[in-house]
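Each remark here refers to the structure printed beneath this line.
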Amino acid sequence: SQELEQSPQSLIVQEGKNLTINCTSSKTLYGLYWYKQKYGEGLIFLMMLQKGGEEKSHEKITAKLDEKKQQSSLHITASQPSHAGIYLCGAEMNTGNQFYFGTGTSLTVIP
Amino acid sequence: DGGITQSPKYLFRKEGQNVTLSCEQNLNHDAMYWYRQDPGQGLRLIYYSQIVNDFQKGDIAEGYSVSREKKESFPLTVTSAQKNPTAFYLCASSIVTGGGNGEQYFGPGTRLTVT
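Taken in order, these protein sequences are the chains called A and B. Count the first sequence with the working numbering and you get residues 1 to 111, in order. Count the second sequence with the working numbering and you get residues 1001 to 1115, in order.
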């Protein structure tokens, strides 16, 4: 079973459009992390959310964690080709120290 | 510059041969991880280590082995017992595990192809 569900699995948007990626768990998350991966490369850390209701922004990317700490969203405003890649959420569950990743969302931005 | 290095970037092996993937970090992190990435399956944890000379199995440890003799190094051996070894392997490290303090830093990955 997948501990973290991500949706959508893939996304194709026109440059300049806004988009949202979701990450959902059936368990409480102790720490929720968002990463970006360019194809065939390692993951780059974007943001970490820890408190229920927390929201963080970096440039045109905003991440939120819901009050129950079971769902997070990543929102990109006015997308650019440089935003293209695979976005993965990762989290530590309340069941222990093991870290889980979602299946990833592949984003393509058409110029 | 601090970071994590993985070598080589691409690795080719014949079926039945063991192969060792290198992972080195100079971030002074206690915890290190090995993940496997396959298309459509995200990252799956193979092994992790929170301290030198200690490591734990992840979700898919069968057919793999690791060692943690030094804080900086966490090599992964893919043995001939691993039925589907062809994949993209990622190594990561973090300061600590647990408690929401586990931001992980990733290496560039090694793509292993076994024929």
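Glycine is no exception: its CB is placed at the ideal position from the N, C-alpha and C atoms.
Is the closest heavy atom of the ligand GTP to the C-beta of residue i under 8 Å?
i, result
"Gln-9 of chain A", "The ligand GTP is not part of this structure, which contains no ligands at all."
Starting from the C-beta of residue i, find all residues in its chain whose C-beta is less than 8 Å away, skip the five residues before and the five after it, and write them out in chain order.
i, result
"Leu-1076 of chain B", "Thr-1020, Leu-1021, Cys-1023, Trp-1034, Ile-1046, Tyr-1047, Tyr-1064, Ser-1065, Val-1066, Tyr-1089 and Cys-1091"
"Val-13 of chain A", "Leu-19, Ser-79, Leu-107, Thr-108, Val-109 and Ile-110"
"Gln-2 of chain A", "Gly-102 and Thr-103"
Residues bridged to residue i by DSSP?
i, result
"Ile-1117 of chain B", "Chain B is shown only over 1001 to 1115; residue 1117 of chain B falls outside these bounds and no answer can be derived."
"His-75 of chain A", "A:Thr-20 and A:Thr-62"
"Asp-1054 of chain B", "B:Ile-1051"
"Ile-86 of chain A", "A:Gln-37 and A:Ser-106"
"Phe-1012 of chain B", "B:Thr-1113"
"Gln-1118 of chain B", "Nothing can be reported for residue 1118 of chain B: it is not among the residues displayed for chain B, which extend from 1001 to 1115."
Grab me the residues of residue i's own chain with a C-beta within less than 7 Å of its C-beta, minus the 5 sequence neighbours each way, in chain order.
i, result
"Gln-50 of chain A", "Gly-31"
"Gln-80 of chain A", "Glu-15 and Val-109"
"Ile-76 of chain A", "Asn-18, Leu-19, Lys-60, Ile-61 and His-83"
"Thr-1086 of chain B", "Leu-1112, Thr-1113 and Val-1114"
"Gln-996 of chain B", "The displayed coordinates of chain B run from 1001 to 1115. Any statement about residue 996 of chain B would go beyond what the structure contains."
"Ser-7 of chain A", "Asn-22"
"Lys-38 of chain A", "Gly-85"
"Thr-1005 of chain B", "Glu-1024 and Gly-1107"
Any C-beta of chain B sitting closer than 9 Å to the C-beta of residue i?
i, result
"Glu-59 of chain A", "no"
"Gln-6 of chain A", "yes"
"Leu-88 of chain A", "yes"
"Gly-85 of chain A", "no"
With a threshold of 6 Å on Cβ separation, who are the neighbours of residue i within its own chain once the five nearest residues in sequence on each side are excluded?
i, result
"Ser-182 of chain A", "In the structure displayed, chain A extends from 1 to 111; residue 182 of chain A sits before or after that span and is not available."
"Arg-1013 of chain B", "Val-1019 and Val-1114"
"Ser-1073 of chain B", "Glu-1024"
"Ser-73 of chain A", "Thr-20, Asn-22 and Lys-64"
Does chain A have any CB closer than 9 Å to the CB of residue i?
i, result
"Ala-1092 of chain B", "yes"
"Gln-1104 of chain B", "yes"
"Gln-1088 of chain B", "A small fix is needed here, since residue 1088 of chain B is Phe in this sequence, not Gln. True, the Cβ-Cβ gap to chain A drops below 9 Å."
"Gln-1041 of chain B", "yes"
"Pro-1108 of chain B", "yes"
"Arg-1068 of chain B", "no"
"Leu-1027 of chain B", "no"
"Tyr-1035 of chain B", "yes"
Tell me the start and end of each unbroken beta strand (DSSP E) in the segment 6-65 of chain A that is at least 3 residues and wholly inside, in chain order.
10-14, 19-25, 29-37, 43-49, 55-58 and 61-65
Residues of the segment 37-68 of chain A with a CB closer than 8 Å to any CB of chain B: list them in chain order, please.
So the close ones are Gly-40, Glu-41, Gly-42, Leu-43, Ile-44, Phe-45, Met-48 and Gln-50.
Cβ-based contacts, 7 Å cut-off: residues of the segment 1004-1020 of chain B near chain A:
none
For the segment 67-81 of chain A, which residues have a CB atom closer than 9 Å to at least one CB atom of chain B, in sequence order?
Considering only beta carbons, no part of the segment 67-81 of chain A lies closer than 9 Å to chain B.
Quick one, which residues of the segment 15-39 of chain A are near chain B if we go by CB-CB under 9 Å, in chain order?
Leu-29, Tyr-30, Gly-31, Leu-32, Tyr-33, Tyr-35 and Gln-37
Taking beta-carbon pairs under 9 Å, can you tell me which members of the segment 99-111 of chain A lie near chain B?
The residues in question are Phe-99, Tyr-100, Phe-101, Gly-102, Thr-103 and Gly-104.
Which whole runs of the beta strand (DSSP E) in the segment 1017-1079 of chain B are 3 residues long or more, in chain order?
1019-1025, 1031-1037, 1043-1051, 1054-1057, 1064-1066 and 1076-1078
Mind checking the segment 1043-1055 of chain B against chain A and listing, in chain order, the residues whose C-beta falls within less than 9 Å of any C-beta there?
Leu-1043, Arg-1044, Leu-1045, Tyr-1048 and Gln-1050
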